[in-house]
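Residue numbers (full-length UniProt numbering): 1 to 443.
Structure, as structure tokens:
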Amino acid sequence: MVIVPQNTQFTSIDGFATIFYDDPLNGGSQSVSCSFTLPLLSILRPIPPIKQAQFKMTIETNKEPLQISKLYDDVLQNISSDILSAPGVISFQYHSGVDATILVSKSVGKYRIQSSSLDALRIVGEDLVNRLQRLLSNKSNKNKENKIKGNKKKRRQNKEDEQDEGDDEEEDNVEPEEEEEEEEEEEDGEDQLQISTSDPIPFNTIYAIIDEHYNIRCQLRNSILQMDKKANLIKAIEKRLLVRCKEKSVSPLSNMDVFFDLNLKEQMIIIQKTSYLFEKLSRFSLHLENAVHVMILVASLKLNLTQSLTSAIRSLFQTPLSLLSPLSLSPDYSSSNAASATSAQGQSSSILSPSTIVGGWEETIENSLLRSMKDMMKRNMEEMKKEGSNASNALPHVDIGTISSNLEFPIGTTRIRRAIQAFFEMIAKGGQLLPNQGNESED
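Right, here's the structure in full:
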């Protein structure tokens, strides 16, 4: 049983679970792990069709279009008639309130996904591609088996006829039989399932989302620095007040107590603002992750990337849990201790040090992309020297420079924009990632 709170924003329906237990027979602790996929209905529900949307993505296949009822037979059980009121159209609504619609072409194998939010296309889009691969591949395999059986039966009949006509005619028919085999191979290649898209990779939309994410990070960073500065001021005032109170002859406070109370009130306002920005960036980080994976999905279909290469790219852009922390400080930082970072006595927490506000999404992903491009160019040069390939097989040169192991808070988003653009240009030219390169980049 899966219980999903309302307004929950998902980034995937794939999960991984690990159970630890004590083994009384062998002694010690044991663990069992498994991966699973949540049913689609656990994160969304079908609703009446919504035809207007801002973001769209078209998936094309070389097969006849499938009906909505067959595509989503597991979802469309016990539903009201108004949900399928329009033929070839189905809409879903996430628990967060965002909707996504799928429109199926009547004549050609085209499927359009649209939504008012770009990140809503991720789960529905990836799920649709998986369903098309499963259903259309099974259909193609059945047709192929029927063709093979029919051709074998036809050949068997031809051989029987040739045996009756004599040995000379049997020798003359060897070449036509080989031609038939070549024609079958060509038909198999044409009959192979192809899923693609002619849509452009949404770089500009992703860049706008990255800019907004970076701006929220800057606001939060400034708020943290203000909170740290105000805490030091409160601490200094507190020390002076304690010195005055310990004196034998009490001197006038010179309104230091009023100044102390005023700064405490200002600090509480800053803490509330920091907590608000913390939650805002937490939600927007998920929005950014979903949007980036939509970009990867479009790129994989447009560039006809293999499944292993697509998985490596996803791993490269996979955001660690620590980077989803809005402050990008430490995994233990949360909105609860943000409010307690400065106590009533005005003591400043070391977690608010300006030097620790680094290691966020922009600088981490940029570092990973630069390292990957450097490895791709190095392997490409080695292959060209080894095989003697011409310059047409060379990857586009990117001036990467020195890759620092110490991440710094970025001045802007120009560098991450260039890194993303150059990375996919390399992939389009045939650049390859190692299967575990994405995981290594995270480390």
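We treat Cβ as the ideally placed atom computed from N, Cα and C, and that holds for glycine.
DSSP-derived helix/strand/coil call for residue i
| i | result |
| --- | --- |
| K63 | coil |
| D332 | Only weak support is given to the placement of D332: the predicted model assigns it a pLDDT of 37, under 50, and the question is left unresolved by the model. |
| Q133 | helix |
| L76 | coil |
| S31 | strand |
| A422 | helix |
| K56 | strand |
| F317 | helix |
| L25 | coil |
| K110 | strand |
| I102 | strand |
| G15 | strand |
| S405 | coil |
| I411 | coil |
| I195 | strand |
| S115 | strand |
| I47 | strand |
N-terminal and C-terminal residue of the alpha helix (DSSP H) that residue i is part of
| i | result |
| --- | --- |
| S368 | W361 to E387 |
| I83 | It is not in any alpha helix (DSSP H) - I83 carries neither H nor E in the DSSP assignment. |
| I400 | Neither: I400 is in no alpha helix (DSSP H) and is coded neither H nor E. |
| L41 | First-last for L41: undefined, no H or E at that position. |
| I68 | I68 to L71 |
Residue environment, residue i, which counts as buried when at least 16 other CB atoms sit within 10 Å
| i | result |
| --- | --- |
| A231 | buried |
| residue 464 | An answer regarding residue 464 cannot be provided, because it is not within the stretch 1 to 443 covered by the chain. |
| I269 | exposed |
| S115 | buried |
| R134 | exposed |
| A17 | exposed |
| L25 | exposed |
| V294 | buried |
| V108 | exposed |
| D172 | Note that D172 scores 49 on pLDDT, short of 50, meaning its location in the model is unreliable; the coordinates nonetheless yield the value given after this. That one is exposed. |
| A236 | exposed |
| S330 | At S330 the pLDDT is 37, less than 50, meaning the model places this residue with poor confidence; the figure from the coordinates comes in the next sentence. Exposed, since its Cβ has fewer than 16 Cβ neighbours within 10 Å. |
| D99 | buried |
| E289 | buried |
Endpoints, beta strand (DSSP E) assigned at residue i
| i | result |
| --- | --- |
| S91 | V89 to Y94 |
Where in the UniProt domain "PTHB1 hairpin" (200–301) do unbroken runs of the alpha helix (DSSP H), each at least 4 residues long, occur, reported from the N-terminal end onward?
203–246
Spell out a yes or no on whether the stretch 222–231 and the stretch 81–100 are touching, meaning 3 or more CB-CB pairs, one atom from each, closer than 8 Å.
no
Counting beta carbon pairs with one atom in the stretch 238–247 and one in the stretch 208–215, are three or more of them shorter than 8 Å?
no
Evaluate the contact criterion for the stretch 71–90 versus the stretch 253–268: three or more CB pairs, one atom per stretch, below 8 Å.
no
The stretch 412–420 touching the stretch 359–369, judged by at least three CB pairs closer than 8 Å
yes
Is it the case that the stretch 277–288 contacts the stretch 39–51, given that we only count it when at least three CB pairs across the two stretches are under 8 Å?
no
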